[in-house]
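Asker:
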Amino acid sequence: MLADLSHAIAFGEQALAGTPNDHPNHEAYLSNLAVAYRLRFERNGVLTDLDRAIKLGEHVTAGVPDDDANREAYMSNLKRLRLG
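The sequence shown: position 3 = 4 (our numbering), numbered continuously.
1. For the alpha helix (DSSP H) containing Asn45, list its first residue and its last residue.
2. In angstroms, rounded to a whole number, what distance separates the CA positions of Ala35 and Leu57?
3. Less than 8 Å between the CB atoms is what I'm expecting for Leu84 and Arg41, so what's the real figure, rounded?
4. Considering only the beta carbon of each residue, do Arg51 and Arg39 sit closer than 8 Å?
5. Are Met2 and Arg44 touching if we call contact CB-CB under 8 Å?
6. Assuming Thr20 is part of the alpha helix (DSSP H), what are its boundary residues?
7. For Ala16 and Ala9, I'd like the C-alpha separation in whole angstroms.
8. Can Asn78 and Glu28 be called in contact, C-beta distance under 8 Å?
Okay, structure coming up:
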């Protein structure tokens with residue numbers, strides 16, 4: 002499972018690097034990657050994974066308008082990252 006998460010994270014980082022910030026799914030990609038880092042942190046306890054997850058979550062919520070339909074989900078993910 003840990004190897005699968007690591008592969009998913011690597012592919013997610015590559016996809017994110019090739020996705021423009023104004024792409025309609027950019028925030029969703031960031032959020033999904035943050036969740037993958039959180040899941041890996043829960044299995045390996047490596048704080049850099051948690052740090053990366055939180056930074057991605059903060060980036061997502063900073064770029065999403067208040068009226069975005071997914072804002073609540075992104076905020077919920079960020080709260081879970083911060084509080085555990």
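Where a beta carbon is used, it is the ideal one built from N, C-alpha and C, also for glycine.
Answerer: Based on what the coordinates show:
1. Numbered from its first residue, the sequence shown carries residue 45 at position 44. Boundaries of the alpha helix (DSSP H) around Asn45: 27 to 45.
2. Numbered from 1 along the sequence shown, position 34 holds the residue referred to as residue 35. Numbered from 1 along the sequence shown, position 56 holds the residue referred to as residue 57. When rounded, the distance between both Cα atoms is 6 Å.
3. In the sequence shown, the residue the question calls residue 84 occupies position 83. In the sequence shown, the residue the question calls residue 41 occupies position 40. Not a contact, Cβ separation roughly 18 Å.
4. On the sequence shown, position 50 is the one that residue 51 refers to. On the sequence shown, position 38 is the one that residue 39 refers to. Inspection of the sequence shows that residue 51 is occupied by Leu rather than by Arg. Going by C-beta atoms, Leu51 is nearer than 8 Å to Arg39.
5. Along the sequence shown, read from residue 1 onward, the residue named residue 2 stands at position 1. Along the sequence shown, read from residue 1 onward, the residue named residue 44 stands at position 43. Yes, the Cβ-Cβ distance between Met2 and Arg44 is below 8 Å.
6. Residue mapping note: residue 20 aligns to position 19 of the sequence shown, counting from 1. No alpha helix (DSSP H) holds Thr20; DSSP gives it neither H nor E.
7. Locating residue 16 in the sequence shown gives position 15, where the first residue counts as 1. Locating residue 9 in the sequence shown gives position 8, where the first residue counts as 1. Spanning the alpha carbons of Ala16 and Ala9 requires a straight line of approximately 10 Å.
8. Here residue 78 refers to the residue found at position 77 of the sequence shown. Here residue 28 refers to the residue found at position 27 of the sequence shown. For the 8 Å CB-CB criterion, Asn78 and Glu28 do not form a contact.
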